[in-house]
Amino acid sequence: MITLSKVSKVFSTKSLQSQPIKAVDEVNLTINKGEIFGIIGYSGAGKSTLIRMLNGLETPSTGSVVVAGNTISSIKGRNLRKARQEISMIFQHFNLLWSRTVHDNIAFPLEIAGVKKSERQKRVNELIKLVGLEGRENAYPSQLSGGQKQRVGIARALANNPKVLLCDEATSALDPQTTDSILELLVDINNRLGLTIVLITHEMHVIRKICHRVAVMEGGRIVEQGPVLDVFQNPAAQITKRFVQQVTEPAETKDTVDHLLENYPQGKVVQLTFVGENTESPLITKLIRNFQLDVNIVQGKISQTQSGSYGTLFIHMDGSDEEISRAITYIKEQQVGVEVISNAE
Amino acid sequence: MLSNWFPNVIWENLWLATKETLYMTGIALVATFVLGILLGLLLFLTSKGQMWENKMINIIISAVVNIFRSIPFIILIILLIPFTIIVVGSMLGAKAALPALIVGAAPFYARMVEIGLREVDKGVIEAARSMGAKTSTIIFKVLLPESMPALVSGITVTAIALVGYTAMAGAIGAGGLGDLAYKEGFQRTKNDVTLLATIVILLIVFVIQFIGDLITSKLDKR
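The listed protein sequences derive, respectively, from chains A and B. When we follow our numbering, the leftmost residue of the first sequence carries the number -17, and every step to the right adds one. When we follow our numbering, the leftmost residue of the second sequence carries the number 282, and every step to the right adds one.
Spelled out as structure tokens, the structure:
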């Protein structure tokens, strides 16, 4: 559905001394039809520029961008405008017209596409139902909450039955609860309409919750990409590890572990990583039954992703050194990741 | 009773002068509104980073606007006399004041239009572009509606400035309340005529401001 080959974008800067900025650097990317694809990176990583090249709001300096059969990077004028009607976008700050009601905001892309008034009316009503804004048709954006505004943004984006939906930090201005409801709506739309969704974000939570595949961006390059669960399980790049920690390790984990290492100089603190069905097997029970060990659970968390669950568990094991290393071998045999946090000698 | 307070006022003349002032202000205002929005749009669209970015055209329009905005109105009227004679065929009467009024007010309003357009959320323009909107659609369905409160409050300020200009235009024989106050009131030392003409002008200004504020607040849904 979307293919980027060797796409770079260079911004020339005003002052003569400073180097031109390479916002996107030789990016190759393929996004499949019906997929929810996430691009994560800190601000300045080039993800905003990248997503803007998918609908021609930015033109790549080199390379080609093909979306839904249109070479966005080279078409212009009428053809580009036509292509854009199949690639909608939602925004961090919603970008609704304050001068129009909810109804008229949703009708706007239909007006642009030249849809007749009676059909517009019908379509707008369908969309209002789809995003759950019944009864708010005649409200102005200023009378809506952030979540409702984004719902209008989504309805507006879906008006012309696009093939691709681009989400530019669509939940970054919303509170956690509203974020979740908007994400659920996006998953629902993806399931129901088979729409390809590309989203950029700096929150791993968003990737974890709805994406099938993820690409990690740093300094204009894609440093890592793959199915979300794989990336969670084996983050290769340093930056990916940091993002994965955002959702798997609450900030207090480190404090708890430090505290534990101080109070229990005996034994070892071990981090277990579970993926998929393993999260449901009674590993701890088996450890206690089969080995001469005291097992103490420090902290644990299971995160749901679109393609399965992913969990981390910190445990403290106390017993003889041989017994502990036998236990660790046993855990490894169960396809569970093990990492000894620190030896408390 | 009014005749006791204003013994020298000839009511027919006052009414005629008021009508002339309203006529000059009204016609000039409509023309200024259209011309100012056109110029303002051009100033905005040709500026850096906008849809019709063009440094040359931007500099030329900007220079023209600045020059006409800087010339004191009373001098502008005199400078425009040859032009007025070509366009209107005469340099006397309310009609003859119109070219000078429009040329004086439109650049003033154009700057306010430009400022108003700059205040339109860039994100909204980007959203419209991402939907595949043409530039004309963006102008008529995004830029103008989204800046309408600024455009209306700008035209209110311009309208009040125009009332002032018409009074000055009176000096070259355009008629109106300014003319009445000056020729009847000041030159013939009939202070009551000057006073009443001033009161009527003030009333007109108050009404314009009131209507402008009302429309602005009705339009603004932010």
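Ideal Cβ positions, reconstructed from N, Cα and C, are used throughout, including at glycine.
Under 8 Å by beta carbon: chain B residues contacting residue i
i, result
"A/S154", "What A/S154 touches in chain B: nothing, since even the nearest Cβ is about 13 Å away."
"A/S81", "P426, E427, M429, L500, K502"
Test: residue i CB closer than 8 Å to a CB of chain B
i, result
"A/R66", "yes"
"A/R63", "yes"
"A/P91", "yes"
"A/S335", "In the structure as shown, chain A starts at -17 and stops at 327, and residue 335 of chain A therefore has no counterpart that could be examined."
"A/S(-13)", "no"
"A/A326", "Caution applies to A/A326, whose pLDDT of 41 falls short of 50 and renders its modelled position unreliable; the value that the coordinates give is listed next. Closer than 8 Å: no."
"A/V84", "no"
Amino acids of chain A, ordered along the chain, whose beta-carbon sits closer than 7 Å to that of residue i
i, result
"B/G404", "F73, H75, N77"
"B/T418", "I94"
"B/K415", "R63"
Residue-level contact to chain A via CB, residue i, 8 Å cutoff
i, result
"B/V433", "no"
"B/M412", "yes"
"B/V394", "no"
"B/V311", "no"
"B/K422", "yes"
"B/K300", "no"
"B/L283", "no"
Within chain A, partners of residue i - CB distance below 9 Å
i, result
"B/G493", "None at all; the shortest Cβ gap to chain A is about 18 Å."
"B/E407", "R34, L39, M71, F73, N77"
Residue i and residue j closer than 8 Å at C-beta
i, j, result
"B/K422", "A/E93", "yes"
"A/I33", "A/L148", "yes"
"A/L406", "A/G38", "No statement about residue 406 of chain A is possible, as the shown extent of chain A runs from -17 to 327 and does not include it."
"B/M305", "B/A452", "no"
"B/M412", "A/Q67", "yes"
"A/T178", "A/I13", "yes"
"A/P91", "A/A50", "no"
"A/L79", "B/E427", "yes"
"B/I485", "B/V444", "yes"
"A/Y292", "A/V257", "yes"
"A/L109", "A/I88", "yes"
"B/Y446", "B/L382", "yes"
"A/D300", "A/Q248", "yes"
"B/V258", "B/L373", "Residue 258 of chain B is absent from the structure shown; chain B starts at 282 and stops at 503."
"B/A375", "B/E301", "yes"
"A/T83", "A/N120", "yes"
"B/L473", "B/P288", "Residue identity check: residue 473 of chain B is Asp in the sequence provided, not Leu. Yes; because the gap between Cβ atoms is below 8 Å, this pair is in contact."
"B/L398", "B/F325", "yes"
"A/G23", "A/H184", "yes"
CB-CB length for residue i against residue j, believed under 8 Å
i, j, result
"A/V318", "A/I297", "That belief does not hold up - the Cβ atoms of A/V318 and A/I297 are roughly 11 Å apart, past 8 Å."
"A/L36", "A/I72", "Not quite, the Cβ-Cβ distance comes to about 13 Å (not below 8 Å), so this is no contact."
"A/V320", "A/S285", "Going by Cβ atoms, the distance from A/V320 to A/S285 rounds to 19 Å, so no, they are not a contact pair."
"A/V198", "A/I204", "7 Å"
"B/K502", "A/S124", "6 Å"
"B/Y390", "B/T439", "5 Å"
"A/Q130", "A/R118", "7 Å"
"A/T53", "A/S46", "6 Å"
"A/E17", "A/R195", "6 Å"
"A/F214", "A/T287", "7 Å"
"A/K4", "A/G202", "5 Å"
heavy atom of the ligand PLP below 7 Å from residue i C-beta
i, result
"B/S351", "Within the structure as shown, the ligand PLP is missing, as the structure has no ligands at all."
Notebook entry, point to check: If you scan the stretch 181 to 235 of chain A from start to end, which runs of the beta strand (DSSP E) of 3 or more residues do you find wholly inside it?
Noted result: Whole beta strand (DSSP E) segments, 3+ residues: 195 to 200, 203 to 209.
Notebook entry, point to check: Along the chain, which unbroken stretches of the beta strand (DSSP E) at least 3 residues long are found entirely within the stretch 152 to 185 of chain A?
Noted result: Within the stretch 152 to 185 of chain A, complete beta strand (DSSP E) segments of at least 3 residues are found at 178 to 183, given in chain order.
Checklist line | Continuous alpha helix (DSSP H) assignments of at least 4 residues falling wholly in the stretch 372 to 406 of chain B | finding: Unbroken alpha helix (DSSP H) stretches of 4 residues or longer found wholly inside the stretch 372 to 406 of chain B: 375 to 399, given in chain order.
Checklist line | Whole alpha helix (DSSP H) elements within the stretch 262 to 324 of chain A, 4-residue minimum | finding: Listed in chain order, they are 265 to 272, 303 to 315.
Next item on the list: Within the stretch 61 to 93 of chain A, note down every full beta strand (DSSP E) run reaching 3 residues or more, in order along the chain.
Entry: Inside the stretch 61 to 93 of chain A, DSSP marks whole beta strand (DSSP E) runs of 3 or more residues at positions 69 to 73, from first to last along the chain.
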